[in-house]
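If you read the sequence shown in the UniProt record's numbering, its first letter stands for residue 1, the second for the next number, and so on.
For glycine and all other residues, C-beta sits at the position ideal for the given N, C-alpha and C.
In what follows, a structure is listed as C-alpha coordinates, so that the remarks can point back to it.
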Amino acid sequence: MEAKEYSPLALAYLGDAVYELLTREYVLERYGGKMGEVHKKSVSLVNARQQALAVELIEEYLTSEEREIFRRGRNAKGNYPRNVEVVVYRRSTGLEAVFGFLYLKGDIFRIKELFGLIIKLLEKQEEDR
(Lines of atoms letter the chains of each structure in order from A and count residues from 1; the text may use other names and numbers.)
(Lines give C-alpha, C1' and ligand atoms only; values in the text may rest on other atoms or scores of the structure.)
Protein backbone atom coordinates (compact mmCIF):
# COMPACT_ATOMS: atom_id res chain seq x y z
CA MET A 1 0.00 0.00 0.00
CA GLU A 2 1.35 3.43 -0.96
CA ALA A 3 1.77 6.04 1.79
CA LYS A 4 -0.81 8.35 0.17
CA GLU A 5 -3.41 5.57 0.21
CA TYR A 6 -3.60 5.48 4.00
CA SER A 7 -6.35 7.45 5.68
CA PRO A 8 -5.26 10.75 7.24
CA LEU A 9 -6.06 9.41 10.71
CA ALA A 10 -3.96 6.29 10.09
CA LEU A 11 -1.07 8.52 9.01
CA ALA A 12 -1.52 10.64 12.14
CA TYR A 13 -1.65 7.52 14.33
CA LEU A 14 1.70 6.38 12.98
CA GLY A 15 3.10 9.92 12.92
CA ASP A 16 2.28 10.35 16.60
CA ALA A 17 4.58 7.43 17.41
CA VAL A 18 7.34 8.76 15.12
CA TYR A 19 7.14 12.24 16.69
CA GLU A 20 7.14 10.78 20.21
CA LEU A 21 10.22 8.67 19.46
CA LEU A 22 12.11 11.63 17.97
CA THR A 23 11.20 13.74 20.99
CA ARG A 24 12.37 11.11 23.45
CA GLU A 25 15.63 10.69 21.58
CA TYR A 26 16.16 14.47 21.54
CA VAL A 27 15.46 15.02 25.25
CA LEU A 28 17.65 12.07 26.28
CA GLU A 29 20.54 13.48 24.25
CA ARG A 30 19.92 16.99 25.53
CA TYR A 31 19.18 16.34 29.21
CA GLY A 32 21.09 13.11 29.82
CA GLY A 33 20.06 10.80 32.60
CA LYS A 34 17.97 13.28 34.60
CA MET A 35 14.78 11.30 34.09
CA GLY A 36 12.46 13.76 35.83
CA GLU A 37 13.65 16.53 33.54
CA VAL A 38 13.58 14.23 30.51
CA HIS A 39 9.96 13.26 31.14
CA LYS A 40 8.87 16.84 31.85
CA LYS A 41 10.47 18.15 28.65
CA SER A 42 9.06 15.28 26.57
CA VAL A 43 5.55 15.98 27.81
CA SER A 44 5.98 19.69 27.08
CA LEU A 45 6.94 18.95 23.46
CA VAL A 46 4.48 16.16 22.67
CA ASN A 47 1.10 17.77 23.21
CA ALA A 48 -1.44 19.18 20.82
CA ARG A 49 -0.76 22.84 21.64
CA GLN A 50 2.99 22.53 21.14
CA GLN A 51 2.56 20.51 17.94
CA ALA A 52 0.09 23.08 16.58
CA LEU A 53 2.65 25.80 17.31
CA ALA A 54 5.37 23.70 15.69
CA VAL A 55 3.43 23.34 12.45
CA GLU A 56 2.76 27.08 12.44
CA LEU A 57 6.52 27.67 12.63
CA ILE A 58 7.46 25.21 9.85
CA GLU A 59 4.49 25.50 7.51
CA GLU A 60 6.42 27.61 5.00
CA TYR A 61 9.14 24.93 4.85
CA LEU A 62 6.75 22.11 3.90
CA THR A 63 6.76 20.83 0.34
CA SER A 64 3.53 20.97 -1.65
CA GLU A 65 3.06 17.24 -1.08
CA GLU A 66 3.59 17.65 2.68
CA ARG A 67 1.14 20.57 2.73
CA GLU A 68 -1.47 18.37 1.07
CA ILE A 69 -0.94 15.62 3.66
CA PHE A 70 -1.10 18.23 6.44
CA ARG A 71 -4.38 19.56 5.03
CA ARG A 72 -5.86 16.06 4.81
CA GLY A 73 -4.83 15.31 8.39
CA ARG A 74 -6.11 18.64 9.67
CA ASN A 75 -9.48 18.16 7.99
CA ALA A 76 -9.94 14.50 8.98
CA LYS A 77 -13.07 13.73 10.96
CA GLY A 78 -12.32 12.23 14.33
CA ASN A 79 -12.89 12.50 18.04
CA TYR A 80 -11.18 15.31 19.90
CA PRO A 81 -10.25 15.54 23.57
CA ARG A 82 -12.25 18.07 25.56
CA ASN A 83 -9.19 19.73 27.08
CA VAL A 84 -7.93 21.07 23.72
CA GLU A 85 -9.57 23.43 21.24
CA VAL A 86 -10.66 21.65 18.05
CA VAL A 87 -8.55 23.88 15.77
CA VAL A 88 -5.43 23.17 17.85
CA TYR A 89 -6.07 19.43 17.86
CA ARG A 90 -6.68 19.42 14.10
CA ARG A 91 -3.41 21.21 13.36
CA SER A 92 -1.61 18.77 15.62
CA THR A 93 -3.23 15.86 13.78
CA GLY A 94 -2.11 17.39 10.48
CA LEU A 95 1.50 17.55 11.67
CA GLU A 96 1.37 13.95 12.87
CA ALA A 97 -0.04 12.90 9.49
CA VAL A 98 2.97 14.47 7.77
CA PHE A 99 5.37 12.54 10.00
CA GLY A 100 3.45 9.29 9.42
CA PHE A 101 3.43 9.87 5.68
CA LEU A 102 7.17 10.53 5.55
CA TYR A 103 7.83 7.45 7.65
CA LEU A 104 5.82 5.22 5.31
CA LYS A 105 7.70 6.71 2.35
CA GLY A 106 10.94 5.81 4.09
CA ASP A 107 12.11 9.43 4.07
CA ILE A 108 13.95 9.38 7.39
CA PHE A 109 16.22 12.23 6.28
CA ARG A 110 13.23 14.54 5.78
CA ILE A 111 11.67 13.44 9.08
CA LYS A 112 14.84 14.34 10.95
CA GLU A 113 15.21 17.56 8.97
CA LEU A 114 11.69 18.73 9.87
CA PHE A 115 11.99 17.65 13.49
CA GLY A 116 15.34 19.44 13.82
CA LEU A 117 13.79 22.58 12.37
CA ILE A 118 10.89 22.35 14.81
CA ILE A 119 13.24 22.03 17.78
CA LYS A 120 15.43 24.89 16.54
CA LEU A 121 12.47 27.24 16.02
CA LEU A 122 10.76 26.30 19.30
CA GLU A 123 13.99 26.88 21.24
CA LYS A 124 14.54 30.22 19.51
CA GLN A 125 11.00 31.27 20.34
CA GLU A 126 11.53 30.24 23.98
CA GLU A 127 14.76 32.27 24.15
CA ASP A 128 13.01 35.34 22.72
CA ARG A 129 10.43 35.37 25.53
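P8 in three-state terms, based on DSSP: helix
CA-to-CA distance, V87 to A54, given in whole angstroms: 14 Å
Closest residue to E66 among L102, A52, K120 (Cα-Cα distance): L102
Residue burial classification, P81 (beta-carbon count within 10 angstroms, cutoff 16): exposed
Where M35 falls: helix, strand or coil (DSSP): helix
4 or more residues per run - each alpha helix (DSSP H) lying fully within the UniProt domain "RNase III" (10-106): 35-45, 48-58, 64-75, 86-105
Per-residue burial, Q125 [other beta carbons within 10 Å of its own, 16 or more giving buried]: exposed
C-alpha gap between K34 and L22, whole angstroms: 18 Å
Rounded C-alpha distance that separates Y31 from E20: 16 Å
E2 (DSSP reduced to helix, strand or coil): coil
Whole-Å CB distance - V38 paired with G73, under 8 Å assumed: Not quite, the Cβ-Cβ distance comes to about 28 Å (not below 8 Å), so this is no contact.
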